[in-house]
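Participant: Here you go, one structure.
2 protein chains.
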Amino acid sequence: MTEEQLSSYHPTLPPTTEEDRFSWLRLLRSRKVGPATFRRLLREHGSAQNALTALPEMARAAGINGYEICPPGVIEAELKAAKAANARLLCLGSADFPDALNDLSDAPPMLWAIGDVSLLRKPCIAMVGARNCSSLGARMARGLAADLGKQGYVVVSGLARGIDTSAHMAALDTGTVAVMAGGVDVIYPAENTDLARNIAQSGLRVSEQPMGVTPQARHFPRRNRIISGLARAVVVVEAAAKSGSLITARDALDQGREVLAVPGHPFDARAAGCNLLIRDGATLVRSAEDVVEALPQQQADLFEAPPATVSAEAAPSGAALHGEILARLGPSPIAEDQLIRDIAATAGEIGPALVDLELDGRIQRQPGGLLSLTA
Amino acid sequence: MTEEQLSSYHPTLPPTTEEDRFSWLRLLRSRKVGPATFRRLLREHGSAQNALTALPEMARAAGINGYEICPPGVIEAELKAAKAANARLLCLGSADFPDALNDLSDAPPMLWAIGDVSLLRKPCIAMVGARNCSSLGARMARGLAADLGKQGYVVVSGLARGIDTSAHMAALDTGTVAVMAGGVDVIYPAENTDLARNIAQSGLRVSEQPMGVTPQARHFPRRNRIISGLARAVVVVEAAAKSGSLITARDALDQGREVLAVPGHPFDARAAGCNLLIRDGATLVRSAEDVVEALPQQQADLFEAPPATVSAEAAPSGAALHGEILARLGPSPIAEDQLIRDIAATAGEIGPALVDLELDGRIQRQPGGLLSLTA
């Protein structure tokens with residue numbers, strides 16, 4: 000590390016004032032600022048307010064005409080809605096932000112939460128599976144969730160029909176977290192309205208989306224990474240081949256989480272996804288004991304560390320590497336690390352160039368630190 | 000290796016004359032001579048005839064009164080029955096003896112065979128499972144056996160009810176081997192009489208038991224080691240916890256065979272054994288492709304080696320170590336290798352002492368080279 004890089008070290012702390020929280024939310028809600036870009040901007044500009052000030056010029060330099068940061072009125076409305084819904088904002092680096100998310104490269108910088116946020120301090124197990132599950136699958140989910148709850152684990156799921164619903168319901172008494180795909184105040188599907196209310200009362204609902212957002216297809220995979228990210232392990236209870244649960248399982252592996260699956264007979268198509276996972280190395284689950292046994296024993300580093308501050312790395316503004324970066328990226332995502340090695344420049348040089356290109360809409364960040372050209 | 004040990008090297012060849020075969024069979028049918036003892040006696044005495052001559056004196060020295068080797072009339076009757084049943088004797092080290100058994104420490108020195116012995120030269124897959132299988136299990140067994148047969152694999156099983164029956168029937172056209180628990184001419188269960196006849200015609204029946212022996216409980220685990228021993232992989236199609244199929248699976252692992260299992264839902268007790276195996280590392284099977292894919296790629300050493308002769312190792316007659324051996328053995332089996340290390344004597348010294356103790360009924364040999372005190 001050079002002297003210049005060392006001098007740029009400035010750990011970014013979570014917001015401490017209302018004004019600072021306002022700026023964080025405003026930065027995150029600004030166009031083309033996703034979780035990874037948010038972290039990077041904060042790192043490079045020292046504060047959300049500084050980043051907001053710099054954004055329009057960065058956009059202009061990247062050739063984006065008429066870029067505007069999120070208007071303050073939007074944030075005011077969101078905060079008002081949150082107050083009405085009794086929602087609380089959890090910010091990356093704060094004591095109430097779930098530690099488990101700290102080590103994710105695309106962790107949401109902020110989560111809205113309704114309910115008992117202390118559940119996020121307990122060990123969490125995610126349970127996911129088919130919406131159109133069999134009665135056997137639903138029964139299995141109920142049994143697992145109830146037994147895991149009795150053993151002190153919080154059950155995390157997505158409030159969807161089927162397996163999610165069964166898991167939440169069975170864990171209502173012991174603690175359950177629903178990660179919503181849309182706004183934390185927007186209940187979907189409607190048939191789970193009562194369940195969602197019960198979870199807000201005895202459990203916890205969280206979402207990274209703005210208040211009031213109706214969930215759309217693209218929100219679900221984003222949401223799934225939070226389900227697995229919050230958990231020590233992800234149990235897939237029943238899943239067909241090529242189902243969303245398998246994507247969650249893959250995300251979980253990328254995040255270093257244990258992946259477990261409940262087997263089924265090969266003639267049962269609803270078990271095909273689970274059997275595939277087991278064949279590929281997931282732990283076979285017959286009971287809650289199987290789940291607990293599979294949990295990594297050494298969780299100290301990951302889950303008992305003090306709340307992390309936003310990691311600060313050297314990021315001097317380098318020469319424009321845009322052309323070289325674009326030449327090396329394609330529609331298939333590659334790891335940012337790989338890109339840095341290929342280009343033989345430092346992360347600190349490449350970082351700002353990537354932000355520019357992302358703001359410019361020419362490259363896309365994907366979960367797991369992957370980059371690709373925008374299609 | 001000392002000079003004396005080198006000078007004792009004399010590879011024992013399979014029997015080449017009728018007289019020699021007679022002696023082999025007679026030695027094997029003599030009381031207290033199991034497969035491991037048979038090999039050892041042959042190694043130590045150079046021929047079955049020599050071993051037969053030495054046996055009574057060895058027994059007397061071991062304190063067994065009135066020990067008699069198998070009377071020749073018994074062997075004559077067995078050979079006559081074999082001729083009537085059109086059974087052929089396959090001897091360890093002969094070209095027609097299955098190579099796959101050569102590397103088993105407790106390989107049967109001889110097998111009776113009725114049918115097409117050339118099937119033993121083809122790659123074999125064992126399929127085992129519950130006698131009281133579900134219709135789903137039977138269907139799975141049929142599908143797997145038929146598909147494996149189409150791909151050139153011979154299906155080995157035990158002619159039992161349930162999974163075995165389904166597997167044999169589906170593989171009749173492509174090649175199937177039934178390993179019988181009793182004599183190769185004694186069909187059990189009676190309901191499989193037609194199937195057994197069909198197997199004799201288009202497949203192969205084998206047994207290590209004397210002709211005419213009615214199968215008894217103790218024969219089944221012994222038989223199972225031959226099923227797994229003949230095969231490159233053992234597929235457990237449906238098995239409850241604590242079932243015989245799990246013992247076969249464990250034997251297969253001891254023999255270095257691949258173990259695979261068809262999963263089922265945890266609520267289905269008939270899948271409990273299979274799920275346990277998968278949890279413990281067995282490969283999950285959904286289809287014949289999964290089986291073929293799991294087969295070890297490098298089979299040359301194991302299956303394409305020329306027929307082995309009975310391995311010859313130095314075995315000078317040593318001092319009586321009986322007391323020390325008995326003191327170190329208990330009811331729980333330990334490996335012979337371990338015993339030799341503990342006693343700090345050579346294998347050549349300990350070997351004859353073990354034969355004495357075994358003939359004396361004081362110690363027992365178990366599959367996998369394990370020894371224990373007789374209970």
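Chains A and B are the protein sequences, given in the same order. Numbering (numbering that gives the first Met the number 0) for the first sequence: 0 to 374. Numbering (numbering that gives the first Met the number 0) for the second sequence: 0 to 374. All residues carry an ideal CB built from backbone N, CA and C; glycine is no exception. It should be emphasised that the depicted structure is a prediction, and the values quoted were computed from it without experimental measurement.
1) Give a yes or no on whether the C-beta atoms belonging to PRO265/B and SER286/A are separated by under 8 Å.
2) Name the chain B residues that come within less than 8 Å of PHE266/A, Cβ to Cβ?
3) Would you call the CB atoms of ALA84/A and MET210/A closer than 8 Å?
4) Could you tell me the distance, in whole angstroms, from the CA atom of GLU18/B to the CA atom of PHE96/B?
5) When you check each C-beta in the stretch 246-262 of chain B against every C-beta of chain A, which residues fall closer than 7 Å?
6) Closer than 7 Å by beta-carbon distance: list the chain A residues that pair up with ARG285/B, in chain order.
7) Measuring only the C-alpha atoms, how far is ASP289/B from VAL205/B?
8) If we ignore side chains and look at the alpha-carbon of each, how far apart do LEU275/A and GLN150/A end up?
9) What residue range is occupied by the uninterrupted alpha helix (DSSP H) comprising ILE277/B?
10) Give the residues of chain B in contact with ILE124/A, contact being defined as C-beta atoms less than 9 Å apart.
11) Under 8 Å: do the stretch 121-129 of chain A and the stretch 155-173 of chain A share three or more Cβ pairs, one atom per stretch?
12) Show which residues of chain B have a CB atom less than 8 Å away from the CB atom of ILE277/A.
13) Applying the 10 Å Cβ sphere with the 16-neighbour rule, what's the burial state of PRO295/B?
14) Under three-state DSSP, which class holds GLY157/B?
15) Residues in its own chain within less than 8 Å of LEU328/A by CB, not counting five upstream and five downstream?
16) Given this structure, state the Cα-to-Cα distance separating GLU303/A from ASP102/A, to the nearest angstrom.
17) Assess, as a yes-or-no matter, whether the stretch 136-153 of chain A is touched by the stretch 182-191 of chain A under the definition of 3 or more beta carbon pairs within less than 8 Å.
18) Under the three-state reduction of DSSP, which class applies to THR16/B: helix, strand or coil?
19) What residue range does the beta strand (DSSP E) around GLN48/A cover?
20) Going by the beta-carbon positions, is the gap between ALA281/B and LEU259/B smaller than 8 Å?
21) Find out if the Cβ-Cβ distance for the pair LEU203/B, ALA112/B is shorter than 8 Å.
22) What number of angstroms, rounded off, separates the C-alpha of PRO13/A from the C-alpha of SER244/A?
23) Can you give me the C-alpha to C-alpha distance between ARG28/A and PRO71/A, rounded to a whole angstrom?
24) Smallest Cα separation from TYR187/A: which of HIS218/A, ASP172/A, SER201/A?
25) According to DSSP, is ALA251/A helix, strand or coil?
26) Secondary structure at ARG141/A, three-state DSSP: helix, strand or coil?
27) Just the Cα atoms here: how many angstroms apart are LEU135/A and ILE124/B?
28) Could you tell me whether the stretch 170-181 of chain A touches the stretch 34-51 of chain A, where touching means 3 or more Cβ pairs closer than 8 Å?
29) Spatial neighbours of LEU110/B within its chain, please: C-beta separation below 6 Å, excluding the five flanking residues on both sides.
30) Where does the unbroken beta strand (DSSP E) through GLN200/A begin, and where does it stop?
31) Rounding to the nearest angstrom, what Cα-Cα distance links LEU158/B and GLN200/B in this structure?
32) Under the assumption that HIS44/B contacts ALA50/B (Cβ atoms under 8 Å), give the Cβ distance between them as a whole number of angstroms.
33) For the beta strand (DSSP E) containing SER371/A, name the first residue and the last one.
34) Roughly how many whole angstroms lie between the Cα atoms of LYS31/A and ALA58/A?
35) Going straight from the alpha carbon of GLY161/B to that of PRO108/A, what length do you get?
Facilitator: Working from what's here:
1) In terms of Cβ geometry, PRO265/B and SER286/A form a close pair [threshold 8 Å].
2) LEU135, ARG138, MET139
3) The answer is yes: Cβ separation under 8 Å.
4) 19 Å
5) Across the stretch 246-262 of chain B, CB contacts with chain A closer than 7 Å involve VAL261, PRO262, in sequence order along the chain.
6) PRO265, ASN274
7) 28 Å
8) 28 Å
9) 271-278
10) In chain order: nothing, as chain B lies at least about 17 Å away.
11) Look at the beta carbons and you see the stretch 121-129 of chain A touching the stretch 155-173 of chain A: at least three pairs across the two are nearer than 8 Å.
12) Under a criterion of Cβ atoms nearer than 8 Å, the residues of chain B adjacent to ILE277/A are, in order, PRO262, ILE277, LEU283.
13) exposed
14) Coil at GLY157/B, not helix or strand.
15) For LEU328/A, where only same-chain residues beyond five positions count, the Cβ hits under 8 Å are LEU338, ILE362, LEU370, SER371, LEU372.
16) Summary for GLU303/A: the model assigns pLDDT 42, below 50, so the residue's position carries little reliability; its value from the coordinates is reported in the next sentence. Going from the Cα of GLU303/A to the Cα of ASP102/A covers about 12 Å.
17) Judged by Cβ distances under 8 Å, the stretch 182-191 of chain A makes no contact with the stretch 136-153 of chain A, as fewer than three pairs qualify.
18) coil
19) No beta strand (DSSP E) contains GLN48/A, which is instead part of the alpha helix (DSSP H) from 47-60.
20) yes
21) yes
22) 33 Å
23) 10 Å
24) When only C-alpha atoms are compared, the closest one is HIS218/A.
25) helix
26) helix
27) 33 Å
28) no
29) LEU89, VAL205, GLU207
30) Run containing GLN200/A: none in the beta strand (DSSP E); it sits in the alpha helix (DSSP H), 192-201.
31) 15 Å
32) 4 Å
33) 369-372
34) 10 Å
35) 58 Å
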